[in-house]
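Sequence lines, in order, name chains E and U.
Everything in the first sequence is counted per UniProt numbering, starting at 1 for the first residue and increasing by one.
Everything in the second sequence is counted per UniProt numbering, starting at 1 for the first residue and increasing by one.
Step one of this worksheet: look at the structure below.
There are 2 protein chains.
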Amino acid sequence: MAKDNKITFYDLAISTGATISPFVWATKYALKHKGFDLDVVPGGFTGILERTGGKTERLPAIVDDGTWVLDSWGIVEYLDATYPDRPLLIPHESVAATLKALDHWFWGAAVGPWMRCFCADYRDLSLPQDHEYITHSREKMLGRKLEEIQAGREDRLAGISAALEPLRSTLAQHPWLGGSAPNYADYRILGGFLFTASVCKTPVLAPDDPLRDWLDRCLDLHGGLGRHPGLFPLFGLEQREGDVPLFNRQGGLGGIYKRNTGPASTQAETQKITQGMKQPA
Amino acid sequence: MAKDNKITFYDLAISTGATISPFVWATKYALKHKGFDLDVVPGGFTGILERTGGKTERLPAIVDDGTWVLDSWGIVEYLDATYPDRPLLIPHESVAATLKALDHWFWGAAVGPWMRCFCADYRDLSLPQDHEYITHSREKMLGRKLEEIQAGREDRLAGISAALEPLRSTLAQHPWLGGSAPNYADYRILGGFLFTASVCKTPVLAPDDPLRDWLDRCLDLHGGLGRHPGLFPLFGLEQREGDVPLFNRQGGLGGIYKRNTGPASTQAETQKITQGMKQPA
């Protein structure tokens, strides 16, 4: 299998040359994680069915020495099952389960809202032959004109950034979602950020966002796979007065992740919450 | 270690006898998962420092043959490191990372909001000697009278239930967050539901919520550990007109988890989103 260590990868790109779909981005990282070289078949949204000889209407899709594999999760499962001696993408089935839940949250909290912030730009950046398809299909999905959906995004970006605390608090404790090394958990979530970077004509995260360290390390992986010149900067959003804080500057100081190491670690909080009580707890 | 297979467990309970803290609940399951018997030291919030001989102000805390271990994550790490031949709670470090992110989301989406829906009931259900501490500390944390915070909960319960789709979609694909068998990912999230069941004088989830199957299986684990007679029913919330749907009845039919198995699996969606286009995509 994988003759000359090459796997055929059907890309889904826009006019900048950058990959666009979060799932196609995640798949690209997954193939590199397994150590494969990519034989890239370029293209956009129009004509996927023709390009793949009738095999699929949607990407990602790969061909491994004649074997077609579809669907981002289908591809991950295939790669780990077929090449178990190469670095695992999903090292335990529990990672798949918790990651799917996390990804579902991330889609609703960030990827979907960002998509609505940049949907007209997205169409304008797509390949000329894809303009009509993107406009038509996204307006059917989202129910309004792309320009209307995108309008007012500057009032929504702070809230989306603020919603990402679950990732910030975790990545303050672990170098990667994979633990001490990246795996598909990182790539899957990264895919949503890379989709956004493909289209975000204005930045979506604060310059000093704690996620920047993890994101920079992700972009550097596999020979700088995420350092595509067509991507827009994610970092540079300014904190506006009246908006929610772009991220929690007290992150890690309290909340459910503070470790109890004995009375000295909790005294300050205890004093704060019991101040004024008649008798000690 | 663990003489006679017993570990000392400092409980944190209310007047019904039910454990109250999500973290103490999760720890109880963790100890049972590792196959230990519990030597339970009963008690509530008041006097933890005295009860533990000055070792800690917060629970969970365990003592394993003289070794004190604090903090829910600290205990999990200790148990897996000390007893690696017993069933692992965290089978890979990536499970810890993705679970912490998921737990952070779950706390903000459900446990915190439910706590605010039942905070006065919570105080009333606590041990008599804890009433003042609960009232005082929670009002300091939450900034208002418990009765004011709790008021109007019937208008908030539908939204909290609706927010749990990331768990529903995952548990439609995997029997447990642990994959094919439960692990600490299940217990950690379960802890939030059991906290809620300890105090929810009105139900918080629809009778036919898809989460019911997983929750019922969780409660049955380890000899019915979650079948405590002091718990209130989680299921029984009625769909009110005008509220958001309590759960997505189309769950699994679309969205990011539908598998692409070829053109036949995507045709209906393609037709829907391209209907009216001049030329096919």
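The C-beta atom is built at its ideal place from N, Cα and C for all residues, glycine as well.
The model shown is predicted, which means the values in this text are computed figures rather than measured ones.
Annotated three-state conformation of E:L171 is helix, per DSSP. With a beta-carbon spacing of about 4 angstroms, U:G192 and U:V111 fall inside the 8 angstroms limit used to define contacts. For the region 63-91 of chain U, the residues whose beta carbon sits under 8 angstroms from a beta carbon of chain E are, in order, L70, D71, W73, G74, P91.
Residue contact with chain E for U:G179: present (Cβ-Cβ distance below 8 angstroms to some residue of chain E). Ranked by Cα distance from U:L102, the first of U:M277, U:Y133, U:Y187 is U:Y187.
In this structure the region 20-35 of chain U touches the region 67-78 of chain U; the number of beta carbon pairs closer than 8 angstroms is three or more. Pairing E:E57 with U:P263 gives a Cβ-Cβ distance under 8 angstroms.
By the neighbour-count definition (other C-beta atoms within 10 Å, threshold 16), E:T196 is a buried residue. Per DSSP, U:V24 is one residue of the alpha helix (DSSP H) stretching across 22-33.
For the region 259-280 of chain E, the residues whose beta carbon sits under 8 angstroms from a beta carbon of chain U are, in order, R259, N260, T261, G262, P263, T266, Q267, T270, K272, I273, T274, Q275, G276, M277, K278, Q279. Counting C-beta pairs closer than 8 angstroms gives fewer than three between the region 129-149 of chain U and the region 225-237 of chain U, which falls short of the contact rule. Separation of E:V244 and E:A158 (C-alpha to C-alpha, rounded to the nearest whole angstrom) is 6 angstroms. Non-local beta-carbon contacts of E:V41 in its own chain, meaning distances under 8 angstroms to residues more than five positions away in sequence, involve T8, F9, Y10, D11, R51 in chain order.
When beta bridges are read from the DSSP output, E:I48 appears opposite no residue. Assigned with DSSP and collapsed to three states, E:K258 falls in coil, not helix or strand.
Distance from U:L164 to U:T170 at the Cβ level is roughly 10 angstroms; contact not present, criterion being Cβ atoms closer than 8 angstroms.
With a threshold of 16 other beta carbon atoms within 10 Å, E:T135 meets it and is buried. In this structure, U:E93 is the residue among U:E93, U:T82, U:H131 with its C-alpha nearest to the C-alpha of E:P175.
Scanning the region 44-112 of chain U for uninterrupted alpha helix (DSSP H) segments of 4 residues or longer gives 48-51, 72-82, 93-106, listed from N- to C-terminal end. In the structure shown, E:I7 adopts extended strand secondary structure according to DSSP, grouped into three states. DSSP, read as helix, strand or coil, puts E:T19 in strand. With the rule of 3 Cβ pairs closer than 8 angstroms, the region 206-225 of chain U does not count as touching the region 118-127 of chain U. U:G44 places its beta carbon less than 8 angstroms from that of U:Q129.
E:F235 sits in a strand when the DSSP states are folded into three classes.
For E:A120, same chain residues with a beta-carbon under 8 angstroms away, outside a window of 5 residues either side, are L146, E147, I149, Q150 in chain order.
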